[in-house]
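Enquirer:
Chains as they are written, first to last, in my numbering: chain A, 608 to 719; chain B, 4 to 119.
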């Protein structure tokens with residue numbers, strides 16, 4: 608993996624269902640993996656930052672895992688609600704204070 | 004704590020015109036970033052400032068884009084002349100550099116530019 612890639616590009620989820628999506632990143636010279644949530648007409652909001660292999664983070668119904676050896680992270684949404692509709696961006700960095708390289712995002716639409 | 008402020012929020016111009024965007028970072032944040040996000044793609048870093056010095060501008064199209072942060076606080080990004088492919092959201096972000104820190108960036112709401 609040379610770039611940060613996210614899949615799928617978009618997904619529709621029924622309210623109450625759980626879902627997950629993937630971020631793949633270069634595993635060499637890895638420092639940190641960031642997840643952001645970007646709602647329409649708002650600022651991207653930081654959700655998680657993870658550095659260690661096996662890291663798991665949780666915020667309410669949203670959680671994320673990190674595998675630095677194989678270069679991927681999963682983000683999970685449990686019991687999706689309409690307010691979870693947003694674009695979820697992941698970004699990796701190679702050093703402290705280094706620039707973030709973003710994936711293309713996963714656009715999530717939760718249908719009532 | 005006030006967030007990152009950007010203006011204008013929306014701008015429509017014709018190709019070959021000039022446009023400028025303004026950003027005021029979170030107070031005390033020494034590092035400021037400008038990103039370009041084209042529809043369907045992730046944000047791409049255009050330029051990174053540390054106080055009033057440029058750290059990284061390797062992806063800034065310098066023939067038409069310029070940016071400054073004269074007093075190490077707010078910043079302006081300019082496009083002159085604009086092309087159709089410059090239609091995008093321009094995001095500003097800031098961070099408080101801490102040695103060994105994780106580098107979380109805080110974003111403004113962006114400026115949506117449409118070039119006709």
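Ideal Cβ positions, reconstructed from N, Cα and C, are used throughout, including at glycine.
(1) Just the C-alpha distance for residue 32 of chain B and residue 638 of chain A, rounded to the nearest angstrom, thanks.
(2) Rounded to the nearest angstrom, what separates residue 34 of chain B and residue 9 of chain B at their Cα positions?
(3) Under DSSP, the beta strand (DSSP E) around residue 673 of chain A begins and ends at which residues?
(4) Is the beta carbon of residue 90 of chain B sitting closer than 7 Å to the one on residue 116 of chain B?
(5) So which residues on chain B does residue 709 of chain A lean against when the C-beta distance must stay under 9 Å?
(6) Check the Cβ-Cβ distances between residue 651 of chain A and every residue of chain B, and say whether any is below 7 Å.
(7) Relative to the C-alpha of residue 658 of chain A, which residue among A:667, A:622, A:685 and A:676 is closest?
(8) So which residues on chain A does residue 110 of chain B lean against when the C-beta distance must stay under 9 Å?
(9) Around the C-beta of residue 623 of chain A, are 16 or more other C-beta atoms found within 10 angstroms, so that it is buried, or is it exposed?
(10) Would a C-beta distance cut-off of 7 Å place residue 24 of chain B and residue 114 of chain B closer than the cut-off?
(11) Assign residue 97 of chain B to buried or exposed, taking buried as 16 or more other Cβ atoms, counted over all protein chains shown, within 10 Å of its Cβ.
Expert: Reading from the atomic positions:
(1) CA-CA distance, residue 32 of chain B to residue 638 of chain A, rounds to 21 Å.
(2) About 16 Å.
(3) In the DSSP assignment, residue 673 of chain A falls within the beta strand (DSSP E) that extends over 669-674.
(4) The answer is yes: Cβ separation under 7 Å.
(5) In chain order: 38, 40, 44, 45, 46, 47 and 48.
(6) Residue contact with chain B for residue 651 of chain A: present (Cβ-Cβ distance below 7 Å to some residue of chain B).
(7) Looking at A:667, A:622, A:685 and A:676, the one whose alpha-carbon comes closest to that of residue 658 of chain A is A:676.
(8) Going along chain A in sequence order, the residues near residue 110 of chain B (Cβ under 9 Å) are 643, 645, 650, 651, 652 and 653.
(9) Label assigned to residue 623 of chain A: exposed.
(10) It is a contact, given that the beta carbons lie within the stated cut-off.
(11) Around the Cβ of residue 97 of chain B, a 10 Å sphere holds 16 or more other Cβ atoms; the residue is buried.
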